[in-house]
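Student: Before I ask anything, let me first share the structure, which is written out below as structure tokens.
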Amino acid sequence: MIRNFLFHRVNPRRDPLWDPMDVALFDKCVKYISENFKVALIEDLAFSKELNSKNEFATLMFDDGYKDNILYAAPILDKYKCKASFYVVTDCIDHNIPTWTHMLEHAFLYTNKDTLDMGFDFLPEDLRVKKLSSKTERINYLNKLKPFLRKTAHEHRNLVIERVVSSYKDVEMPKLMMSWNDLKELKNYGHYVGSHTVSHSMLGTMTDEIEIKEELQLSAIAIEKNLGHTPLSIAYPVGSYNETSKKISKELGYKIGLAVNQNIFDPQKEDFFEMSRIELYNEPWWKTRLRITNTLENIKSLIRYK
Ligand SMILES: [Zn+2]
Numbered sequence: 160m161i162r163n164f165l166f167h168r169v170n171p172r173r174d175p176l177w178d179p180m181d182v183a184l185f186d187k188c189v190k191y192i193s194e195n196f197k198v199a200l201i202e203d204l205a206f207s208k209e210l211n212s213k214n215e216f217a218t219l220m221f222d223d224g225y226k227d228n229i230l231y232a233a234p235i236l237d238k239y240k241c242k243a244s245f246y247v248v249t250d251c252i253d254h255n256i257p258t259w260t261h262m263l264e265h266a267f268l269y270t271n272k273d274t275l276d277m278g279f280d281f282l283p284e285d286l287r288v289k290k291l292s293s294k295t296e297r298i299n300y301l302n303k304l305k306p307f308l309r310k311t312a313h314e315h316r317n318l319v320i321e322r323v324v325s326s327y328k329d330v331e332m333p334k335l336m337m338s339w340n341d342l343k344e345l346k347n348y349g350h351y352v353g354s355h356t357v358s359h360s361m362l363g364t365m366t367d368e369i370e371i372k373e374e375l376q377l378s379a380i381a382i383e384k385n386l387g388h389t390p391l392s393i394a395y396p397v398g399s400y401n402e403t404s405k406k407i408s409k410e411l412g413y414k415i416g417l418a419v420n421q422n423i424f425d426p427q428k429e430d431f432f433e434m435s436r437i438e439l440y441n442e443p444w445w446k447t448r449l450r451i452t453n454t455l456e457n458i459k460s461l462i463r464y465k
């Protein structure tokens, strides 16, 4: 059994938008995980005979490629002698821009502009607006927009993002991402760098196979060009994938596809292109520990099936 633990940002500073995991909590997580499980890289473990042993394995993974990963997480990984995998969005690394999800939230929160022409006819009635006059209005709107964007078609989502970014030009996007040199350094320390697509596209919502192929292939080419290896693993952005994206990943030579479904992965029974990951957040330690031991999910499923 493998527990794949997923992290994003690790930072001592709080962020109102999307709170990073606090450094002290991250330290506690890695300490606990390394004391209770055998920590390895999924890229090694997936092809190792050890997998059939009775060992309880854990892996440590980071999505998106945030700068604070190398600043704050890497020294702690080093302290507990753990290796981790970093799944990067290659466009974000190339240009030091945040992912579209982050960009969207940042724009809504920090703009001072009122006009936002969202007249698209694919939008539900309550999301079609011309103007959002205050920060409260903008945040309320964003909270309705986000769930819609998660399930809508890729092309529609791109139109919405472009419109937001071009309407809220007064907002400067934060520089949050690692550079290729940072990633080279992580690789030299024995960590792994895998793909998280070119532009953080939700693969499961895309219909154009050529576009899906580009997201998967061009990100692998960028990693190969900058770091010298072809990535074995693809972490599906926002945990979104389907049979087509799995098929194309396999055709392109990926060996591992990573989902996010808060579960332990059983390599004997489950698909290597739908590997479960357990995401950990900035929460009180008791709650994080329940997630690590998977108790929280067990309790939830007991309640569900009651
Ligand atoms: Zn991501």
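Residue numbers (the working numbering): 160 to 465.
Positions of the beta carbon are idealized from the N, C-alpha and C atoms, including for glycine.
May I ask you to check if the CB of T364 is nearer than 8 Å to at least one heavy atom of ligand 1?
Tutor: It does not: the Cβ of T364 is nowhere closer than 8 Å to a heavy atom of ligand 1.
Student: Pick from L304, K197 and K446: whose alpha carbon is nearest that of L210?
Tutor: Nearest C-alpha to L210: K197.
Student: So V397 and R309 are supposed to be a Cβ contact under 8 Å. How far apart are they, rounded?
Tutor: Sure, about 7 Å apart at Cβ, within 8 Å.
Student: Buried or exposed, going by whether 16 or more other CB atoms sit within 10 Å of the CB of R173?
Tutor: Per the 10 Å Cβ criterion, exposed.
Student: List the DSSP bridge partners of I380.
Tutor: I380 is not bridged to any residue.
Student: For the beta strand (DSSP E) holding T274, just list the boundary residues, first then last.
Tutor: Unbroken beta strand (DSSP E) run through T274: T274 to M277.
Student: Going by the beta-carbon positions, is the gap between P171 and V182 smaller than 9 Å?
Tutor: Taking 9 Å as the Cβ cut-off, P171 and V182 qualify as a contacting pair.
Student: Taking the runs of the beta strand (DSSP E) that are 3 residues or longer, which of them lie wholly in the stretch 342–374?
Tutor: The qualifying runs are 351–354.
Student: Can you find the residues in the same chain that come closer than 7 Å, C-beta to C-beta, to K346, ignoring five residues on each side of it along the sequence?
Tutor: Closer than 7 Å at Cβ, skipping near neighbours: V352 and L386.
Student: Tell me, please, whether the stretch 314–330 touches the stretch 265–277 by the rule of three or more beta-carbon pairs shorter than 8 Å.
Tutor: The stretch 314–330 is in contact with the stretch 265–277.
Student: To which residues of the same chain is Q376 closer than 6 Å at the C-beta, ignoring the five residues directly before and after it?
Tutor: So the list reads L411, once near-sequence residues are dropped.
Student: Need the endpoints of the alpha helix (DSSP H) that S326 sits in, please.
Tutor: Start and end: H313 to S326.
Student: Decide if G224 is buried, meaning its Cβ has at least 16 other Cβ atoms within 10 Å, or exposed.
Tutor: Looking at its Cβ environment, which holds 16 or more other Cβ atoms inside 10 Å, G224 is buried.
Student: Which residue marks the beginning of the alpha helix (DSSP H) containing D186, and which one marks its end?
Tutor: V182 to N195 is the span of the alpha helix (DSSP H), which, as asked, contains D186.
Student: Between which two residues does the alpha helix (DSSP H) holding K406 run?
Tutor: Unbroken alpha helix (DSSP H) run through K406: E402 to E410.
Student: Looking at L263: is its Cβ nearer than 9 Å to the Cβ of C241?
Tutor: Contact: no.
Student: Let's see if you can read the secondary structure: which residues bound the alpha helix (DSSP H) around I201?
Tutor: Start and end: I201 to L204.
Student: Using 9 Å as the limit for Cβ to Cβ distance, is L375 near chain D?
Tutor: Given the protein chain composition of this structure (a single chain), no chain D is represented.
Student: So, is A312 buried or exposed, given that buried needs 16 or more other C-beta atoms within 10 angstroms?
Tutor: That one is exposed.
Student: Express the C-alpha separation of S212 and P283 in angstroms, rounding to a whole number.
Tutor: When rounded, the distance between both Cα atoms is 52 Å.
Student: I'd like to confirm the pairing. Which residues does DSSP put opposite R162 in its beta bridges?
Tutor: Answer is A217.
Student: Just curious, the alpha helix (DSSP H) that I451 is in, first and last residue?
Tutor: Note, I451: alpha helix (DSSP H), W444 to I451.
Student: Sorted by chain position, which residues of the same chain lie with C-beta nearer than 8 Å to K409's C-beta, five sequence neighbours on each side aside?
Tutor: F432.
Student: Using only the alpha-carbon positions, how far apart do I371 and N453 sit?
Tutor: Roughly 33 Å between the two C-alpha positions.
Student: Report all residues from its chain with a CB closer than 6 Å to the CB of I298; omit the five preceding and five following residues, and keep chain order.
Tutor: Contacts found: none.
Student: When the Cα atoms are used, what is the spatial distance from L342 to N195?
Tutor: Taking the straight line joining both Cα atoms gives about 28 Å.
Student: For the putative contact between N163 and L417, defined by C-beta atoms under 8 Å, what is the C-beta separation to the nearest angstrom?
Tutor: Indeed, because the Cβ distance is near 7 Å, the residues count as touching under 8 Å.
Student: Please report the straight-line C-alpha distance between L165 and E438, rounded to a whole angstrom.
Tutor: Roughly 4 Å separates the two Cα atoms.
Student: Would A233 pass as a contact of Y327 if the rule is Cβ separation under 9 Å?
Tutor: Their beta carbons are not under 9 Å apart, which means A233 does not touch Y327 by this criterion.
Student: What does the alpha-carbon distance come out to for the pair N271 and L335?
Tutor: Approximately 22 Å between the Cα atoms of the pair.
Student: Would you decide whether S483 is buried or exposed? Buried here means 16 or more other CB atoms lie within 10 Å of its CB.
Tutor: Residue numbering for the chain in the displayed model covers 160 to 465; residue 483 lies beyond these limits and cannot be assessed.
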